[in-house]
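Working notes, beginning with the structure itself.
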Amino acid sequence: MTLLSEKPAAVRPAPTVDPVLSLRDVRIGNPHTGAEIVHGVSLELTPGKVVGVVGESGSGKTLTCRAALGILPANLAVTSGSIEIAGADISTLGSREWTALRGSTISAVFQDPASYLNPSIQVGPQVAEVLRVKKGLKRREARHRAIELLQAVHLRQPELVYSQYPHELSGGMLQRILIAAACAADPQVLIADEATTALDVTVQAEILDLLADLRDSTGLALVVVSHDLAVVAQLCEEVLVMRDGAVVEHGPTSQVLYRPEHDYTRLLIDEHEQYGLHRFVKGKNVPEEQAS
Ligand SMILES: Nc1ncnc2c1ncn2[C@@H]1O[C@H](COP(=O)(O)OP(=O)(O)OP(=O)(O)O)[C@@H](O)[C@H]1O
Ligand SMILES: [Mg+2]
2 MTLLSEKPAA VRPAPTVDPV LSLRDVRIGN PHTGAEIVHG VSLELTPGKV
52 VGVVGESGSG KTLTCRAALG ILPANLAVTS GSIEIAGADI STLGSREWTA
102 LRGSTISAVF QDPASYLNPS IQVGPQVAEV LRVKKGLKRR EARHRAIELL
152 QAVHLRQPEL VYSQYPHELS GGMLQRILIA AACAADPQVL IADEATTALD
202 VTVQAEILDL LADLRDSTGL ALVVVSHDLA VVAQLCEEVL VMRDGAVVEH
252 GPTSQVLYRP EHDYTRLLID EHEQYGLHRF VKGKNVPEEQ AS
């Protein structure tokens, strides 16, 4: 036997995949007053990867997402660091380039889906409109594809739902419509900012399953934002814990949940003991001795 054949397989380098979204030490603040709100966030998303962002209200989760989507409030800006989407540095993009990227490369769903839909237009045509604008589909094709999308987000009787108005649908169904619209132009990254917060627990679990499903079937990469650690534990392989605009902890979900290094993370975990948080991560990246 030669020495060479005894070489462990683990030395083989893993194939490298280019990140679809990459934030490097992103700081957000008011450039006029110099006030800084987000003090350096870094994360990297490869296809199919799901990263969770948790933290109390006002910790900077939404502003971080909005920076990645190029929709920061007018008084705020990324003051240092860099954001790249599919290899393009977003600080170099003009508004036309942004419009092309938004929806087709990076997309988002937020809390309160009803407020993102026009109440006086049937929901199906609103999804079809995205297909017409972003994918250049003709009216008939757009309708056909929109119905397929409604089916893909597990809406029963998609043809019927297509012709319904927002007020005729439940919150969970509306969030599915929004997810269908957000995925219409085949984005590589979907940001779900408190997308399940307003829904009851059962519907919330169904929507999280749907996101996992989309990830599995399309390789969609996800940023899942929540103040609820149980939500991200269910879906994410990596978690970022934010407090007062700073990242206090960042690592694989199992590590953050089982070996939290920061008191604040411990506090978040303790708050969830009653929901049996650990149940969610069992058998999912968790070494045997930790899961038992
Ligand atoms: N346009 C703005 N100008 C100045 N400060 C802002 C602006 N928008 C948000 N902020 C502040 O930035 C901080 C972070 O806000 P952000 O919305 O990102 O928090 P969050 O973590 O998403 O909270 P929540 O869980 O409530 O959604 C908050 O203190 C908020 O008041
Ligand atoms: Mg928020």
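Residue numbers are given in the numbering used here: position 34 of the sequence shown equals residue 35, and the series is strictly consecutive.
Where is the CB? At the ideal position from N, CA and C, for every residue including glycine.
Quick caveat: nothing in here was measured; it's all calculated off a predicted structure.
Is residue i near residue j, with beta carbons less than 7 Å apart?
i, j, result
"V295", "L22", "The structure shown has nothing for residue 295, since the chain only spans 2 to 293."
"S108", "P48", "no"
"A182", "V240", "no"
"I180", "V110", "yes"
"V204", "V54", "no"
"T106", "A87", "yes"
"T254", "A234", "yes"
"Q176", "P126", "no"
"S83", "R25", "yes"
"L211", "V154", "yes"
"E195", "Q256", "no"
"L209", "L236", "yes"
"S116", "M243", "no"
"K50", "G56", "no"
Give a single yes or no on whether residue i has its beta carbon closer than 6 Å to a heavy atom of ligand 2.
i, result
"T198", "no"
"T1", "A query on residue 1 cannot be resolved here, the shown segment of the chain reaching from 2 to 293 and no further."
Sorted by chain position, which residues of the same chain lie with C-beta nearer than 8 Å to residue i's C-beta, five sequence neighbours on each side aside?
i, result
"S6", "Residue placement at S6 cannot be trusted, given a pLDDT of 41 that sits under 50; the coordinates are not used to answer."
"S293", "With a pLDDT of 36 at S293, under the threshold of 50, the modelled position of that residue is not reliable, and no figure is offered here."
"P120", "Y166, P167 and H168"
"E142", "L132"
"A185", "G104, V128, V131, L132, K135, K136, R146, A147 and L150"
"L94", "G71 and L102"
Could you check whether the Cβ of residue i sits closer than 6 Å to any heavy atom belonging to ligand 1?
i, result
"H251", "no"
"S255", "no"
"P74", "yes"
"G41", "no"
"S96", "no"
"S116", "no"
"I178", "no"
"G59", "yes"
"I38", "yes"
"H145", "no"
"H228", "yes"
Could you name the residues of the same chain whose beta carbon sits closer than 7 Å to that of residue i, not counting the 5 residues immediately before and after it, in chain order?
i, result
"G30", "A36, E37, I38, L77 and T80"
"T3", "Interpretation of T3 is limited by its pLDDT of 39, a score under 50 that renders its predicted location unreliable; no figure is taken from the coordinates."
"Q152", "P159"
"A89", "none"
Please return the same chain residues whose Cβ sits closer than 6 Å to the Cβ of residue i, not counting the five positions on each side in sequence.
i, result
"L221", "L191 and L215"
"K285", "For K285, the predicted structure reports a pLDDT of 45, less than 50, and the residue's modelled location is therefore unreliable. A value from the coordinates is still provided. The answer is none, since no qualifying residue turns up."
"P9", "Unreliable positioning characterises P9 in this predicted model, as indicated by a pLDDT of 47, which lies under 50. The coordinate reading is nonetheless provided below. Taken in chain order, the list of residues that qualify is empty."
Compare the C-beta of residue i with all C-beta atoms of chain B and state if any pair is closer than 7 Å.
i, result
"A222", "Among the chains of the structure shown, chain B does not appear; only one protein chain is present."
- Message: Would you call the region 39-57 in contact with the region 248-262, where contact means no fewer than 3 C-beta pairs closer than 8 Å?
- Response: yes
- Query: Are there three or more Cβ pairs, one per stretch, closer than 8 Å when the region 169-179 is compared with the region 197-205?
  - Reply: yes
- Item | Ordered list of beta strand (DSSP E) runs contained in the region 22-65, each at least 3 residues | 22-30, 37-46 and 51-56
- Query: At which residue ranges does the region 156-190 contain complete alpha helix (DSSP H) runs of 4 or more residues, listed in the order of the chain?
  - Reply: 159-163 and 172-184
- Scan the region 89-144 and note each continuous alpha helix (DSSP H) run of 4 residues or more that stays entirely inside, going in chain order. 96-102 and 124-136
- Query: For the region 193-272, which segments carrying the alpha helix (DSSP H) assignment without a break, of at least 4 residues, lie completely within its bounds, in sequence order?
  - Reply: 202-219, 230-236 and 254-259
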